[in-house]
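Per the working numbering: the sequence shown ends with 367, consecutive numbering throughout.
C-beta: ideal position from N, C-alpha, C; glycine also.
Predicted, not measured: the structure shown is a model, and the values here were computed from it.
This report refers to the structure that appears directly beneath it.
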Amino acid sequence: MGRSRTKAASPVSEGFVQRLLAAYRVVHPGNLFKRGRIYARGRAATRTVYFVPHNRNNVRLLADAAEILVDRGIRCVFAHLDGLKRGGVARPELNARGISHIGFAELERMIRPGDMLVTGNDYAPQFFRRFIDSINFGMVRVVGLIGGARLLQPHRFVRADYILSMGPAALQQRRQPTYVVGSPVIERAVEGAGARHDEGLFVLVNFKGDIEKPADRQAIEAVAGACAKLGLAYVVSVHPTMFAKVDLPNKSTLDFAQLLPEALALVTRPSTTVYEAIACGIPVVLFPLVSPMVEFDSPMGAFKPTLSEHDLVEDIRAAVRSRPTYFEQSRDFLNANLSIDPKVPASQRIANALIDIYNR
Numbered sequence: 008m009g010r011s012r013t014k015a016a017s018p019v020s021e022g023f024v025q026r027l028l029a030a031y032r033v034v035h036p037g038n039l040f041k042r043g044r045i046y047a048r049g050r051a052a053t054r055t056v057y058f059v060p061h062n063r064n065n066v067r068l069l070a071d072a073a074e075i076l077v078d079r080g081i082r083c084v085f086a087h088l089d090g091l092k093r094g095g096v097a098r099p100e101l102n103a104r105g106i107s108h109i110g111f112a113e114l115e116r117m118i119r120p121g122d123m124l125v126t127g128n129d130y131a132p133q134f135f136r137r138f139i140d141s142i143n144f145g146m147v148r149v150v151g152l153i154g155g156a157r158l159l160q161p162h163r164f165v166r167a168d169y170i171l172s173m174g175p176a177a178l179q180q181r182r183q184p185t186y187v188v189g190s191p192v193i194e195r196a197v198e199g200a201g202a203r204h205d206e207g208l209f210v211l212v213n214f215k216g217d218i219e220k221p222a223d224r225q226a227i228e229a230v231a232g233a234c235a236k237l238g239l240a241y242v243v244s245v246h247p248t249m250f251a252k253v254d255l256p257n258k259s260t261l262d263f264a265q266l267l268p269e270a271l272a273l274v275t276r277p278s279t280t281v282y283e284a285i286a287c288g289i290p291v292v293l294f295p296l297v298s299p300m301v302e303f304d305s306p307m308g309a310f311k312p313t314l315s316e317h318d319l320v321e322d323i324r325a326a327v328r329s330r331p332t333y334f335e336q337s338r339d340f341l342n343a344n345l346s347i348d349p350k351v352p353a354s355q356r357i358a359n360a361l362i363d364i365y366n367r
């Protein structure tokens, strides 16, 4: 019998590659120029912590922690990327909360050596990535907040000097000092579990695709068809940024968190909503699948990824039946990816970590 040949593992470690990339970012001419300009400003009399949320979820994760820092006498400023090419969508949530904020251009002008920058995204868009390259490596401490699903990909958060993670999974995957701080958003979902409808009223469908793409429209229509075959009502939750574009029946105007406690089951692509559902004891049907799956490749019994729309009827039926015991069934997956401390709320844990970094 012939021996199968396997490709030898590369002798170059991921850590070595990241060090090479870091060295390149240090000596990149554009970054050197920006770094020199920032360095020339000198340290301000009062150091500032700049929060740069990319979306409303980032705002919800960081707002309360920032308030705790302000109460401790630490100057905090929120900046947004809204309106810039492939920028964020944080400004509506900042406005809704009455949080004053500055734009990116003002952030570039204001930041000084010794300040801190806290962000939920250090890898895109390109102009923001370049900005981080020009301020870190000891000049400005950059803190990356891993506050959602599928963010443990290798190319993400390599620019951060420190990591805040919602669960212990990051401890084995990040080279930087990592603080496990939980998630205020998911903690609020846990609080909402107390109002959970005993029987459930409908299948909740979380739509995060592009309705103009045939594959995404086909997926949502397949879920609707499966619910019809089962005789189950369904409600579609659409992200606010896409709400006006999505012309689907049964689309709800309510926020996802308001709908979740009354759901029989949740049908969603790999998303942070999976953790919210598990925390509420609402069974999850993972469909459609995406690449890369990251932590969802190891479901630990919490769900069975639905590989085809032909499996939807049976998978939704099985999920609904599992509702009474679902929380226990999914506990291992939840504990691996989310930390909940009943004694210390996540916002306080985030604040404690940032204060520790600030004082280093």
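- Comparing alpha carbon positions, the residue from L273, G94, P306 closest to R63 is G94.
- In this structure, the beta-carbon distance from D205 to G216 does not fall below 8 Å.
- Pairing L152 with L68 gives a Cβ-Cβ distance under 8 Å.
- Counted as a single uninterrupted DSSP element, the stretch harbouring S298 is not any beta strand (DSSP E), since DSSP gives it neither H nor E.
- Under the 8 Å Cβ criterion, the stretch 160 to 180 does not count as touching the stretch 327 to 339, having fewer than three qualifying pairs.
- Under the 10 Å beta carbon count, F111 is surrounded by 16 or more other beta carbons and is classified as buried.
- Annotated three-state conformation of H162 is coil, per DSSP.
- Look at V253 here: in three-state DSSP terms it is coil, with no helix or strand label.
- Residue environment: A47 is assigned as exposed (fewer than 16 neighbouring CB atoms within 10 Å of its CB, all protein chains considered).
- CA-CA distance, T313 to P295, rounds to 7 Å.
- I45 is a Cβ neighbour of I142, given a cutoff of 8 Å.
- In the DSSP assignment, V150 falls within the beta strand (DSSP E) that extends over 148 to 153.
- Close CB contacts of A196 within its chain, under the 7 Å cut and outside five residues either way in sequence, are with A264, L267, E283, A286, C287 (chain order).
- When Cβ pairs closer than 8 Å are counted between the two stretches, the stretch 255 to 262 is seen to touch the stretch 232 to 244, the count reaching three or more.
- In the three-state scheme derived from DSSP, where H, G and I count as helix and E and B as strand, Y186 is classed as strand.
- As DSSP reads the structure, F58 sits in a beta bridge with F85, V125.
- Cβ contact annotation for E194 (same chain, cutoff 6 Å, sequence separation greater than five): A353, in chain order.
- As a beta-bridge residue in DSSP terms, V245 pairs with F214.
- In this model, G308 and P277 are separated by some 15 Å (Cα to Cα).
- Per DSSP, the continuous alpha helix (DSSP H) segment holding A264 begins and ends at 263 to 266.
- Around the Cβ of F250, a 10 Å sphere holds fewer than 16 other Cβ atoms; the residue is exposed.
- For V210 against V274, the beta-carbon gap comes to about 6 Å, under 8 Å, which counts as contact.
- A distance below 6 Å between beta-carbons, with the five flanking residues on each side excluded, links L208 to the following residues of its chain, in chain order: E269.
- When the Cα atoms are used, S298 and D304 turn out to be separated by approximately 10 Å.
- Distance between S172 and L178, taken at the CA atoms: about 8 Å.
- Here I289 carries a coil assignment [DSSP, helix/strand/coil].
- As the crow flies, the alpha-carbon of V149 is around 16 Å from that of N359.
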